[in-house]
Amino acid sequence: MTERLRVQDLSVHFRSERREVQVVHDLSFTLEAGRTLALVGESGSGKSVTSLALMGLLPPPPQSRTTGSALLEGRDGADLLGIPESRRRRLRGDRIAMIFQEPLTSLNPVHSVGAQLVEAIRSHRSVSRRAAWDRAEELLDEVGIPEPAARLASFPHELSGGMRQRVMIAIALALEPDVLIADEPTTALDVTVQAQILDLLRRVQERTGMAMLFITHDFGVVADIAHRTVVMYAGRMVEAGPTEDILRRPLMPYTSGLMASVPLLETAGTGRSELATIDGFVPDPAAPPAGCAFHPRCAHNRPGRCDVPPIAVEAPAPDRSIRCARWRELAEEVR
Amino acid sequence: MATFLLRRLGHSLLLLVLVSIIGFALLNLAPGGPLSQFALSPGMTQADLDRIAEQMGLNRPLPVQYLDWAGGLFFGDWGASFRDGRSVLSVISGHLFATLLLMAASTIISVGLGTLVGVLGATRRYSLFDQLATVGAMVALSIPTFWFGLVAIYVFALELGWLPAGNMYTIGDQSLGDYAIHLILPSVVLALVNVAIWSRYMRSAMLDVIGQDFVRTARAKGLRSQRVLWRHIIRNALIPMITLAGLQLPTLLSGALVTETVFTWPGMGRLFLDSLNYNDYPVVMGILMFTAILVLLGNLAADILVAAVDPRVRLE
Ligand SMILES: Nc1ncnc2c1ncn2[C@@H]1O[C@H](COP(=O)(O)OP(=O)(O)OP(=O)(O)O)[C@@H](O)[C@H]1O
Ligand SMILES: [Mg+2]
């Protein structure tokens, strides 16, 4: 497999009222060509901050501070976190692109769909206006928008949420990026549209071979689209591995909790309509619990084991990681 | 669009009728009344006054007088000045150019400077510049225009002698440069308050837009920051400012009245004060109606402009 983006020890701090709060802790993962990595976690676990950090879209220092490295492979490879903004700007939207959680508000209301697409193309490639508009029409067609030529002249408010997200995808794909970050691209859409968008992303990936970082808190979507999965809690990786393995045998109680809170596509309609949710709340990043950040909410919490730092990351299998003090005993219990 | 215009026209007419009734009532019910001006003339007897009242129709019941006057307004006969008998419309149009010139110059200054200060304040939020601009705007808003005007005259005209203290031109010169030199002080003084208002609103409109998701999209596309600023942030921040400009017209007009008085500028503001002093009721009422129409037209223009630049707004 060809690596596209290697993220190493990514940490993000925000400064608020003279205090620095760490929101992402030493996150590492690798995106590979033609493959999708899911980043899963509850609201507030740091998924969006991670993707914005990779894009270089966080507020500039001193309001936020990003450390670690994110090596973009291939021609003129670079450490996205280490290069100056002027260089990063040229990679953004070209080699690495992103679609957002909020399709309804992510397009500029006063410019036509076509203008916003053409702008994305022409800011990175010196092509004629004419050629850019042709390419824009092609892109709208590619993302399944009917009557693409007419839609170029439409304004965002004239399109449905699903159509707007398709336009966002067209913009992100305009320059055939090596890496696409999709931050909960379907959360705001209804279920049928959600399935269509996932399908579209999968088809585009098969054709272009781009690497995808797919952010979600829905294990149904994870099962559907991701080859690998990283589960995140309170800014930390708590479990990672091939999606199939994790779904079959989650090792971290938090992962099981998350999975139970979403009816899997297979189990949906089997009468299990009630959603179990994990009791309690994601900790405030300004005052994280000692030891395992999940221990106050964990049914398997053992004082003296789970609430004492540090909890090491272990490898239960060659391609799996886990950050849980009791994963071995819990695995035994299940057996 | 057509139905929109018709409806707005209907609303505007209704408003104008209301303004005219209130203005007419206030003026005629106030102590003094139209005849007081003539009563001041030496040798005027009560019989003379009665005859004048008869001639001018001032002895009729007020509602009749109102209908007569308002009907005339509608058909373009705005009455005649008590002072010199010239038609009100020609008196007003004789002063119109000066006022429009002053208002245009000061609007260019206040929109240009206010936008610049607002944009810089929002993009360099809490910087020294931003804080100075905030304090400056507060100071400008708390100083009365006439005081600022008098100080400007004292410093730049009397002490330094750089600029003329008043009037629109030097008699016998009247070149373009001469107009320009006379225009500087009054337009800057009139603009001062509006620069303050405009920059404050522009700053908050900018901050509103900067936090929006589509700005993040624009940056995610890898656009140059200047392009994000102009095409995505400023372009959207200016839309509410158009409406504001329309709403600020009355303030601008009353500011012009004060400024014209301080700088002996031969515009409608001066005309209005002079006419009040002379109890020249037809001209006073004429100016009232004229400015009301101007304000309504300004707001209509603002609404049409907003619809032209914001595709979400439909004129219906
Ligand atoms: N600009 C910012 N300044 C300060 N704190 C921030 C900022 N952006 C995010 N945070 C904090 O970072 C933490 C993680 O937020 P993030 O948006 O990454 O969550 P998320 O996992 O994407 O959640 P969701 O599923 O709701 O999108 C939260 O506690 C949030 O309050
Ligand atoms: Mg998020």
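Heads up: the protein sequence lines correspond to chains W and P, in order.
Under full-length UniProt numbering, the first residue of the first sequence is numbered 1, with each subsequent residue one higher.
Under full-length UniProt numbering, the first residue of the second sequence is numbered 1, with each subsequent residue one higher.
Where a beta carbon is used, it is the ideal one built from N, C-alpha and C, also for glycine.
According to DSSP, residues forming a beta bridge with residue i
{"i": "residue 12 of chain W", "result": "W/24 and W/66"}
{"i": "residue 78 of chain W", "result": "W/72"}
{"i": "residue 233 of chain W", "result": "W/236"}
{"i": "residue 143 of chain P", "result": "Partner(s): none; residue 143 of chain P has no beta bridge."}
{"i": "residue 182 of chain W", "result": "W/99 and W/214"}
{"i": "residue 283 of chain W", "result": "According to DSSP, residue 283 of chain W bridges with nothing at all."}
{"i": "residue 243 of chain P", "result": "Residue 243 of chain P pairs with nothing; no bridge assigned."}
{"i": "residue 29 of chain W", "result": "W/7"}
{"i": "residue 219 of chain P", "result": "Answer is none; residue 219 of chain P lacks a bridge partner."}
{"i": "residue 36 of chain W", "result": "W/212"}
{"i": "residue 87 of chain P", "result": "P/80"}
{"i": "residue 181 of chain P", "result": "Bridge partners of residue 181 of chain P: none, in fact."}
{"i": "residue 241 of chain W", "result": "W/229"}
{"i": "residue 321 of chain W", "result": "W/240"}
Any chain P beta carbon closer than 8 Å to residue i
{"i": "residue 145 of chain W", "result": "no"}
{"i": "residue 216 of chain W", "result": "no"}
{"i": "residue 171 of chain W", "result": "yes"}
{"i": "residue 48 of chain W", "result": "no"}
{"i": "residue 93 of chain W", "result": "yes"}
{"i": "residue 302 of chain W", "result": "no"}
{"i": "residue 4 of chain W", "result": "no"}
{"i": "residue 17 of chain W", "result": "no"}
{"i": "residue 126 of chain W", "result": "no"}
{"i": "residue 160 of chain W", "result": "no"}
{"i": "residue 164 of chain W", "result": "no"}
{"i": "residue 180 of chain W", "result": "no"}
{"i": "residue 90 of chain W", "result": "yes"}
{"i": "residue 66 of chain W", "result": "no"}
Cβ neighbours of residue i in the same chain (closer than 7 Å, five flanking residues each side left out)
{"i": "residue 186 of chain P", "result": "102, 259, 263 and 265"}
{"i": "residue 306 of chain P", "result": "239, 242, 243 and 313"}
{"i": "residue 113 of chain P", "result": "195"}
Closer than 7 Å: residue i CB and nearest ligand 2 heavy atom
{"i": "residue 165 of chain W", "result": "no"}
{"i": "residue 183 of chain W", "result": "yes"}
{"i": "residue 28 of chain W", "result": "no"}
{"i": "residue 123 of chain W", "result": "no"}
{"i": "residue 48 of chain W", "result": "yes"}
Inter-residue Cα distance where the pair is residue i and residue j
{"i": "residue 141 of chain W", "j": "residue 202 of chain W", "result": "16 Å"}
{"i": "residue 269 of chain W", "j": "residue 132 of chain W", "result": "Confidence at residue 269 of chain W is low in this model, with a pLDDT of 46, below 50, so its placement is unreliable and no value can be given for it."}
{"i": "residue 384 of chain W", "j": "residue 9 of chain W", "result": "This structure leaves residue 384 of chain W out entirely; chain W is present only between 1 and 335."}
{"i": "residue 272 of chain P", "j": "residue 92 of chain P", "result": "9 Å"}
{"i": "residue 176 of chain W", "j": "residue 130 of chain W", "result": "19 Å"}
{"i": "residue 267 of chain P", "j": "residue 139 of chain W", "result": "59 Å"}
{"i": "residue 28 of chain P", "j": "residue 105 of chain W", "result": "56 Å"}
{"i": "residue 60 of chain P", "j": "residue 21 of chain P", "result": "16 Å"}
{"i": "residue 213 of chain P", "j": "residue 84 of chain W", "result": "24 Å"}
{"i": "residue 196 of chain P", "j": "residue 210 of chain W", "result": "51 Å"}
is_contact[residue i, chain W] using C-beta, thresh 8 Å
{"i": "residue 236 of chain P", "result": "yes"}
{"i": "residue 228 of chain P", "result": "no"}
{"i": "residue 220 of chain P", "result": "yes"}
{"i": "residue 217 of chain P", "result": "yes"}
{"i": "residue 232 of chain P", "result": "yes"}
{"i": "residue 309 of chain P", "result": "yes"}
{"i": "residue 124 of chain P", "result": "no"}
{"i": "residue 305 of chain P", "result": "no"}
Any non-hydrogen atom of ligand 1 within 7 Å of residue i CB
{"i": "residue 261 of chain W", "result": "no"}
{"i": "residue 283 of chain W", "result": "no"}
{"i": "residue 336 of chain W", "result": "Lying outside 1 to 335, the shown extent of chain W, residue 336 of chain W is not represented and no answer is given."}
{"i": "residue 101 of chain W", "result": "yes"}
{"i": "residue 232 of chain P", "result": "no"}
{"i": "residue 214 of chain P", "result": "no"}
{"i": "residue 217 of chain W", "result": "yes"}
{"i": "residue 127 of chain P", "result": "no"}
{"i": "residue 14 of chain W", "result": "yes"}
{"i": "residue 246 of chain P", "result": "no"}
{"i": "residue 288 of chain W", "result": "no"}
Cβ-based neighbour list, residue i, same chain, cut-off 6 Å, excluding 5 preceding and 5 following
{"i": "residue 240 of chain P", "result": "205"}
{"i": "residue 161 of chain P", "result": "none"}
{"i": "residue 6 of chain W", "result": "30 and 71"}
{"i": "residue 218 of chain P", "result": "228 and 232"}
Proximal residues to residue i (C-beta, below 8 Å), its chain only, five neighbours per side dropped
{"i": "residue 271 of chain W", "result": "Any reading at residue 271 of chain W must be qualified, since the residue scores a pLDDT of 44, below 50, and its modelled position is unreliable; no value is offered."}
{"i": "residue 258 of chain W", "result": "40, 41, 42, 217, 219, 231 and 278"}
{"i": "residue 313 of chain W", "result": "237, 321, 322 and 323"}
{"i": "residue 109 of chain W", "result": "155, 156 and 157"}
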